[in-house]
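Colleague: Supplied in structure tokens, the structure appears directly below.
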Amino acid sequence: MLNGSASPYTKCRGNKLVWPELVGKKGKEAKAVIQKENPYVSAVVYAPPDAVVTDDYCCNRVRLLMNCDAGCDYENGTVFQVPMVG
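Anchor point for the sequence shown: position 81 equals 113 in my numbering, and the numbering is continuous, going up by one each time.
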């Protein structure tokens, strides 16, 4: 339960919605794993650790928070937070 309502994950499709094993992996590798394990994810978005992001919930999106600043090579940066659908 989140804020007294059902978890938003219950609305999302796919066998996998959270990827804790991808922390420490390269961005490109993490993106490929997510797309392979959940074909309903159509947007994998790279973001720096201090990114300001919207609070809307999208079942087809996963944000990869990377250990580098805006403008860096995200594909070769390292994932530092557990990726999840949203």
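In this text, a Cβ means the ideal position worked out from N, Cα and C, and glycines have one as well.
Can you tell which of G118, W51, G46, V111 has the C-alpha that lies nearest to the C-alpha of A79?
Modeller: When each option's Cα is compared against that of A79, the closest is V111.
Colleague: Which residues in the same chain have their Cβ closer than 6 Å to the Cβ of R93, if we skip the five residues on either side of it in sequence?
Modeller: Around R93: A75.
Colleague: Should V114 and P52 be called a contact, given that it needs their Cβ atoms to be closer than 9 Å?
Modeller: Contact flag set, yes.
Colleague: Would you mind working out which of Y89, A64, D87, G59 sits nearest L97, comparing C-alpha positions?
Modeller: For the residues Y89, A64, D87, G59, the minimum Cα distance to L97 belongs to G59.
Colleague: With 16 other CB atoms within 10 Å as the buried threshold, where does K63 fall?
Modeller: The residue in question, K63, is buried, as its Cβ has 16 or more Cβ neighbours within 10 Å.
Colleague: On the three-state DSSP scale, how would you describe A79?
Modeller: A79: strand per DSSP, three-state reduction.
Colleague: Nearest-angstrom Cα distance between K48 and V55?
Modeller: Approximately 15 Å, taken between the alpha carbons.
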